[in-house]
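Asker: Dumping the structure here so I can ask a few things about it.
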Amino acid sequence: MRDPRYDVLFEPVKIGPVTAPNRFYQVPHCSGMGYRRPEMLAAMRGVKAEGGWGVVCTEYCSIHPSSDDDGYPYARLWSDEDLAAQALMVEAVHKQGALAGVELWHGGSRAANLTTREPGFGVRSGPAPHMPVQSRPMDKSDLADLRSWQGAAARRARRAGFDIVYVYAAHGYLLSEFLSSRSNTRCDEYGGSLENRARLVRELLEETREAVGDACAVACRFSLAAESGGAILEPAESRDLLALLAELPDLWDLTVDDYSIEMGSARFVEEAAQEETIAAAKTLTTKPVVGVGRFTSPDTMLRQVTRGVLDLIGAARPSIADPFLPKKIEEGRLEDIRECIGCNICYAHNSLGAPIRCTQNPTMGEEWRRGWHPETIPAKASRDSVLVIGGGPAGLEAARALGQRGCQVTLAEAGTELGGRVTQESRLPGLAAWARVRDWRLGQIRQMANVATYLDSRLSAEDVLGFEASHVLVATGARWHGDGTGRWLKRPFAGAEMSLAPDALLARWPDVSLPDGPVLLYDDDRYYLGSALALGLRQAGYPVVLVTPEGRVGQWSQYTEELHFANARLLEASVEIVTNHFLESFDGAEARLACVFTGRETVRPAASVVPVTARTPDDGLFRALAADPGALQAAGMESLRRIGDCDAPGIIAAAIYSGHRAARAVGAPDEDRPRQESTAPVTASGCSRSGSNGIAAGDPSTR
Ligand SMILES: Cc1cc2nc3c(=O)[nH]c(=O)nc-3n(C[C@H](O)[C@H](O)[C@H](O)COP(=O)(O)O)c2cc1C
Ligand code: SF4
């Protein structure tokens, strides 16, 4: 039963001509699926609607080939051929009683048009962010074309069945270029004054309204500058622009004008970080407002509504981590909410052009491909006994999912605490929210009478055989190399025996006791651990030099939108950074480095060296068991499998996925080739993918 305090979250909200059934609103977010994987996409969005999100939106959806974002799989409404794919998603969302929204998009100078090879255009000729190409400045005929493309795409959106159609004026794309006095240097009626800079957004709002009539609501996504300053607009200017356009759309989708805050990782940005900026803007319009803030706490959500900050609780990541978050609040099951940890692995994979995945939710992206559901899992017919060895993320997830299947599960952990690397790493600066990976699973396991957990239980191969479990999953993790080998060094550096591997530090953290003097942290892992350890060591009072063969510290964290903050924090903490160098030797007092380009050597004073480079699977127990199939058979063991880092060291999301997949595969087939999207050519009508797609018959006005 739902706590009546939260009733307000379940009130319907009128958005122009349509009504959202509740206040839970999945804002536009990419999936790495887009136009390439419509079946996967539709199933994923459908599950969100099933989980109670009253509105479910697409990702950014291109209106014309002059805005192509390949290799990121965006959505597309270029022609009637794109209708069937979009209608598939709408159908899946409508089936659950939710509204479907589409975020019509033109990328302007940011779109490099790698596939279509159309020249891009912008408010002026501007460079694409990651390509050595520039757009051309839009002339009057381009502006007229843009209006008609938006209108045509909006009409197609209506025919596909969408309820909410966006004008996308945020995130630095074409309309932001026009709004910003920094990029808009035009001298015509689209440049100069606020009114002129807002003209194109106004025209597209009107064009969209005319195209959809009373069938759909018109929404506008718009970024406000925080008081600390914005990337595109000044704070007062952004509010004035909003005030100018205030009553034109049926809904404002408001964010802040800084993607590393809007999409902030938990390492650097708190829940509801945009609250005050949006609160100040809300008073400028009478239209409903949706906003985001990595909302996972029902009380924080409630505060947004009762304080009058938001009418609709927007969410991308919380809906990825737990598609059933609204249902769980509705059913009074708050302890079952699988809270987003703010790691941005979802975003990273979209940025890599790969299907979305989630650290907390292993079923994300697998709804159609593997038929996985985030809340249900087929029961195991017999109550087989399963021994899971190792209580890190893979072992915990496997034990939880097996418990949910009804198996008799024993989880044996060698150490004195559960959570493995998650527990250790969550003690580092900024990573506390990562403990949710452990805590959610433990919370679920505690409710299961069929899962027994044992700490301090290191098992030998003989112990395992003596246990006589039907199935054994080995999740014994991995160990960091102490010798510097990894992506750059293929042989240990000289003096490696004097270094300190991260495991030794992590096991005792925050009790750090190193020789007095500078710590040289050699980071060839290139993600978060190097910089998190460096910051922690700095906070513990050690002078720290961070050396990396990469051009920037933690280069991979560009995909998780953390690169900027991570480097800023290191510099602010006076961590000395040496890029493009690798470690050659350490003698206990000095470290010799070499430039990756020239080989030129430099010497640094170092009292200790901590290499963060690569890991080795801790798979000795697995190999000992696997070496004697006869003994396994004699012990009645039907299957033996290694999972998580013990199988292949990777990110935590990979460990959770591995544990989940193995749990589903106990006593069932494990597909190594899941379903794939059809690559068959579409028919002339563009409707080859599915029969019933809910598209209204031909609209002659559609271009
Ligand atoms: C994987 C991912 C993809 C995103 N893609 C888009 C997009 O296509 N269009 C857009 O306007 N915002 C996009 N966003 C930003 C979200 O809409 C949202 O503003 C942001 O994630 C903050 O909300 P949250 O804290 O609820 O995640 C994306 C976010 C994520 C996590
Ligand atoms: S991948 Fe991380 S940030 Fe993204 S939804 Fe999952 S837990 Fe949240």
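Mind the numbering: the sequence shown is residues 1 to 703 in my numbering, read in order. Where a beta carbon is used, it is the ideal one built from N, C-alpha and C, also for glycine. Please read these numbers as outputs of a predicted model, since none were measured by experiment.
Here's the rule: buried if 16 or more other CB atoms are within 10 angstroms of the residue's CB, otherwise exposed. What is G264?
Answerer: Here residue 264 refers to the residue found at position 264 of the sequence shown. Counting Cβ neighbours within 10 Å, G264 comes out buried, since at least 16 surround it.
Asker: Quick check: does the Cβ of A653 come within less than 7 Å of any heavy atom belonging to ligand 2?
Answerer: The count along the sequence shown starts at 1 and reaches residue 653 at position 653. Yes, the Cβ of A653 comes within 7 Å of a heavy atom of ligand 2.
Asker: Please name the residue, chosen from C340, A236, K282, A281, that lies closest to E270 on a Cα-to-Cα basis.
Answerer: Along the sequence shown, read from residue 1 onward, the residue named residue 270 stands at position 270. Closest by alpha carbon: C340.
Asker: Give a yes or no on whether the C-beta atoms belonging to L242 and V201 are separated by under 8 Å.
Answerer: Numbered from 1 along the sequence shown, position 242 holds the residue referred to as residue 242. Numbered from 1 along the sequence shown, position 201 holds the residue referred to as residue 201. Contact flag unset, no.
Asker: Would you kindly report the start and end of the unbroken beta strand (DSSP E) that includes R23?
Answerer: One-based indexing of the sequence shown puts residue 23 at position 23. Taken as a continuous stretch (DSSP letters only), R23 belongs to no beta strand (DSSP E), as it is neither H nor E.
Asker: Compute the Euclidean distance between the alpha carbons of D80 and A215, then round it to the nearest angstrom.
Answerer: Numbered from its first residue, the sequence shown carries residue 80 at position 80. Numbered from its first residue, the sequence shown carries residue 215 at position 215. Going by the C-alpha atoms only, they are around 19 Å apart.
Asker: Measuring CA to CA, which of R124, S531, N113 is closest to P132?
Answerer: Counting from one through the sequence shown, the residue named residue 132 turns up at place 132. Measuring from the Cα of P132, the nearest candidate turns out to be N113.
Asker: Using the Cα positions of A226 and Q304, report the straight-line distance between them to the nearest angstrom.
Answerer: Taking the first residue of the sequence shown as 1, we reach residue 226 at position 226. Taking the first residue of the sequence shown as 1, we reach residue 304 at position 304. About 18 Å.
Asker: When burial is assigned at 16 or more other CB atoms within 10 Å of the CB, is V309 buried or exposed?
Answerer: Residue mapping note: residue 309 aligns to position 309 of the sequence shown, counting from 1. The residue is buried, with at least 16 neighbouring Cβ atoms inside 10 Å.
Asker: Between which two residues does the beta strand (DSSP E) harbouring K14 extend?
Answerer: As a working note, residue 14 is residue 14 in the sequence shown. Segment 13–15, the beta strand (DSSP E) holding K14.
Asker: Compare the beta carbon distance of R221 and Y259 with 8 Å and say whether it is the shorter of the two.
Answerer: Mapped onto the sequence shown, residue 221 falls at position 221. Mapped onto the sequence shown, residue 259 falls at position 259. No, the Cβ-Cβ distance between R221 and Y259 is not below 8 Å.
Asker: Can you list the beta strand (DSSP E) stretches of 3 or more residues lying completely in the region 534–620, in chain order?
Answerer: Counting whole runs of 3 or more residues, the region 534–620 contains the beta strand (DSSP E) stretches 544–547, 576–578, 581–586, 590–595, 601–605, 608–612, 615–617.
Asker: For A217, which residues of its own chain have a beta-carbon under 7 Å away from its beta-carbon, when the five flanking residues on both sides are left out?
Answerer: For the purposes of this step, residue 217 is taken as the residue at position 217 of the sequence shown. For A217, where only same-chain residues beyond five positions count, the Cβ hits under 7 Å are I15, G16, P17, V18, D163, I164, D250, L251.
Asker: Report the residue ranges of all beta strand (DSSP E) runs contained in full by the region 411–498; include only those spanning at least 3 residues, in chain order.
Answerer: Those beta strand (DSSP E) runs which fall completely within the region 411–498 and span 3+ residues are 451–454, 471–474, 478–480.
Asker: For V474 and I377, what's the separation of their Cα atoms in angstroms?
Answerer: Translated into the one-based positions of the sequence shown, residue 474 becomes position 474. Translated into the one-based positions of the sequence shown, residue 377 becomes position 377. Going from the Cα of V474 to the Cα of I377 covers about 21 Å.
Asker: Given 7 Å as the limit, tell me if C343 has its C-beta closer than that to any heavy atom belonging to ligand 1.
Answerer: Along the sequence shown, one-based indexing puts residue 343 at 343. For ligand 1, not one heavy atom lies less than 7 Å from the Cβ of C343.
Asker: Using the Cα positions of S31 and G517, report the straight-line distance between them to the nearest angstrom.
Answerer: Numbered from its first residue, the sequence shown carries residue 31 at position 31. Numbered from its first residue, the sequence shown carries residue 517 at position 517. So the two alpha carbons sit approximately 47 Å from each other.
Asker: Please list the terminal residues of the continuous beta strand (DSSP E) segment that includes S228.
Answerer: Here residue 228 is taken as the residue at index 228 of the sequence shown, counted from 1. Neither: S228 is in no beta strand (DSSP E) and is coded neither H nor E.
Asker: For T453, tell me which candidate among Y35, A379, R400 has the shortest Cα-Cα distance.
Answerer: To locate residue 453, count along the sequence shown from 1; it is residue 453. Nearest of Y35, A379, R400 to T453, Cα basis: R400.
Asker: Can you tell me whether P326 is helix, strand or coil according to DSSP?
Answerer: The residue given as residue 326 occupies position 326 in the sequence shown. Helix.
Asker: Check this for me: beta carbons of L230 and D257, under 8 Å apart or not?
Answerer: Locating residue 230 in the sequence shown gives position 230, where the first residue counts as 1. Locating residue 257 in the sequence shown gives position 257, where the first residue counts as 1. According to the sequence displayed, residue 230 carries Gly and not Leu. It is a contact, given that the beta carbons lie within the stated cut-off.
Asker: According to DSSP, is P374 part of a helix, a strand, or is it coil?
Answerer: Residue 374 sits at position 374 when you count from the first residue of the sequence shown. Reduced to three states, the DSSP call for P374 is coil.
Asker: Are there 16 or more other CB atoms within 10 angstroms of the CB of H481, so buried, or fewer, so exposed?
Answerer: Residue 481 sits at position 481 when you count from the first residue of the sequence shown. So H481 ends up on the buried side.
Asker: Leaving out five residues on either side along the sequence, give the residues of the same chain with a beta carbon under 7 Å from the beta carbon of R110.
Answerer: In the sequence shown, the residue the question calls residue 110 occupies position 110. Hits under 7 Å: A128, P129, G172, Y173.
Asker: Checking the sheet assignment: what are the DSSP bridge partners for P127?
Answerer: Here the question's residue 127 lines up with position 127 in the sequence shown. BP columns for P127 point to Q134.
Asker: Output needed for F597: all residues of its chain with C-beta closer than 6 Å, excluding positions within five of it in sequence on either side, in chain order.
Answerer: What you label residue 597 is simply residue 597 of the sequence shown in a count that begins at 1. Cβ within range, chain order: n/a, list empty.
Asker: Please name the residue, chosen from G151, R427, G415, that lies closest to T208 on a Cα-to-Cα basis.
Answerer: Locating residue 208 in the sequence shown gives position 208, counting from the first residue. Comparing Cα positions, the closest option is G151.
Asker: Name the one or two DSSP bridge partners that R704 has.
Answerer: This structure leaves residue 704 out entirely; the chain is present only between 1 and 703.
Asker: On the CB-based measure, 16 or more other CB atoms within 10 Å of its CB, does Q447 come out buried or exposed?
Answerer: Mapped onto the sequence shown, residue 447 falls at position 447. Looking at its Cβ environment, which holds fewer than 16 other Cβ atoms inside 10 Å, Q447 is exposed.
Asker: So G630 packs on E468, CB below 8 Å; how close in whole Å?
Answerer: Translated into the one-based positions of the sequence shown, residue 630 becomes position 630. Translated into the one-based positions of the sequence shown, residue 468 becomes position 468. Rounded, the Cβ-Cβ distance is 15 Å, inconsistent with contact.
Asker: Taking DSSP's pairing of strands, which residues face A144 in a bridge?
Answerer: Here residue 144 refers to the residue found at position 144 of the sequence shown. Paired residues: none, contrary to the question.
Asker: Quick check on this structure: which residue in A75, P298, R317 has the alpha carbon closest to the alpha carbon of R333?
Answerer: The sequence position of residue 333 within the sequence shown is 333, counting from 1. Nearest of A75, P298, R317 to R333, Cα basis: P298.
Asker: Please report the distance separating the alpha-carbon of D253 from that of V289.
Answerer: Counting from 1 along the sequence shown, the entry for residue 253 is found at position 253. Counting from 1 along the sequence shown, the entry for residue 289 is found at position 289. Straight-line Cα distance between these residues: approximately 6 Å.
Asker: Roughly how many angstroms separate the alpha carbons of P510 and L571, rounded to a whole number?
Answerer: Residue 510 sits at position 510 when you count from the first residue of the sequence shown. Residue 571 sits at position 571 when you count from the first residue of the sequence shown. The alpha-carbon atoms of P510 and L571 are separated by roughly 21 Å.
Asker: When every heavy atom of ligand 2 is checked, does at least one fall within less than 7 Å of the C-beta of R717?
Answerer: Since the displayed the chain opens at 1 and closes at 703, residue 717 lies outside it and no answer follows.
Asker: Between R346 and ligand 1, is the CB less than 7 Å from at least one heavy atom?
Answerer: Here residue 346 is taken as the residue at index 346 of the sequence shown, counted from 1. What sits at residue 346 in the sequence shown is Cys, not Arg. Yes, ligand 1 has a heavy atom inside 7 Å of this Cβ.
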